[in-house]
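Asks: I have a structure I would like to understand better, so I am pasting it below and will then ask my questions one at a time.
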């Protein structure tokens, strides 16, 4: 999960246009520390999807 979160941080830092990578990554890490930003929103969406699909985990297709 740590590797996935680091990947999200780097990807969303790359998507910040107009700022150098080191500044964008620092800002993304600061936003994540304050529970804000795109990476935190992505984490919340993934957790929400996992929660919604938990009921179907026991089915075998």
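Numbering (the working numbering), first residue to last: 346 to 406. Every residue gets a Cβ at the ideal spot worked out from N, C-alpha and C, and that includes glycine.
#1: By the three-class DSSP mapping on this structure, what secondary structure does residue 379 have?
#2: Does the Cβ of residue 358 have 16 or more other Cβ atoms within 10 Å, making it buried, or fewer, making it exposed?
#3: Among residues of its own chain, excluding the 5 on either side of residue 387, which ones have a beta-carbon nearer than 8 angstroms to its beta-carbon?
#4: How would you call residue 384, buried or exposed, if buried means at least 16 neighbouring beta carbons within 10 angstroms?
#5: On the CB-based measure, 16 or more other CB atoms within 10 Å of its CB, does residue 363 come out buried or exposed?
Replies: This is what the structure gives:
#1: Three-state DSSP puts residue 379 in coil, outside helix and strand.
#2: The Cβ neighbour count for residue 358, taken over all protein chains shown within 10 Å, is at least 16; the residue is labelled buried.
#3: Taking C-beta separations shorter than 8 angstroms and ignoring five residues to either side along the sequence, the partners of residue 387 in its chain run 353, 357, following chain order.
#4: That one is buried.
#5: With fewer than 16 other Cβ atoms within 10 Å, it is exposed.
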